[in-house]
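Accompanying notes for the structure given below.
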Amino acid sequence: MIGHSMGGGGALDAALRRSTLQAAIGNAPHLPSGSLAGERVPTLIYAMQNDTLVPPPRLTSLYNSIPAATERAYIEVTGAGHNYIGQPSTILARTMIAWLKIFVDDDTRYSQSLCPRPTRPASGNTATAVR
């Protein structure tokens, strides 16, 4: 389940309600409840450094509410705004594909694409990952 903004919040909410989902990805997700305390689905959250609609501190708090036993990752893209999802991005593509390959296809070869390795694409944006 993947979504952006309100759709990202919807993806995370769906994962809270359906623990049978294999993976959830929220890109700058807006989740009114502000808590993922009951999350059991592997969850990836993207934050954008310059997002004024869903600022990184709000998403850090959301990420920190996910139980430690749940597979989770948080990626903050330096210099990006709320609608960064609409830009060509190797950061998003590489990490989204890896997350889905690992948790949907059970292909652990993609784990090396997620371990907190900052990346620097041609645009100059960087991503900081926490897993």
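So the sequence shown is numbered by this note's numbering: it starts at 19 and just counts up by one.
By construction, the Cβ of each residue, glycine as well, lies at the ideal position given by its N, Cα and C atoms.
**Item:** P60, buried or exposed, once every other Cβ within 10 Å from all chains shown has been counted against 16
**Value:** P60 is buried by the Cβ-count criterion.
**Cross-strand partners of T108 (DSSP beta bridge)** = Beta-bridge pairing links T108 to no other residue.
**Prompt:** Would you call the segment 70-79 and the segment 120-128 touching, i.e. three or more CB-CB distances under 8 Å?
**Reply:** In this structure the segment 70-79 does not lie against the segment 120-128, because fewer than three pairs of beta carbons, one per stretch, are closer than 8 Å.
**Request:** Let me know the secondary structure DSSP gives L62 once reduced to three states.
**Result:** Residue state, collapsed to three classes: strand.
**Request:** Compute the distance between the beta-carbons of S131 and T113, then report whether it is under 8 Å.
**Result:** A contact, by the Cβ cut-off of 8 Å.
**Message:** I'd like the list of long-range same chain contacts for I84, defined as Cβ closer than 7 Å, with 5 residues on each side in sequence excluded.
**Reply:** Short of 7 Å from the beta carbon of I84, and not among the five residues preceding or following it, lie these beta carbons of its own chain, in chain order: L54, E57, T61, R90.
**Item:** Inter-residue spacing [alpha-carbon to alpha-carbon] between T126 and A116
**Value:** Their backbone Cα atoms lie some 9 Å apart in a straight line.
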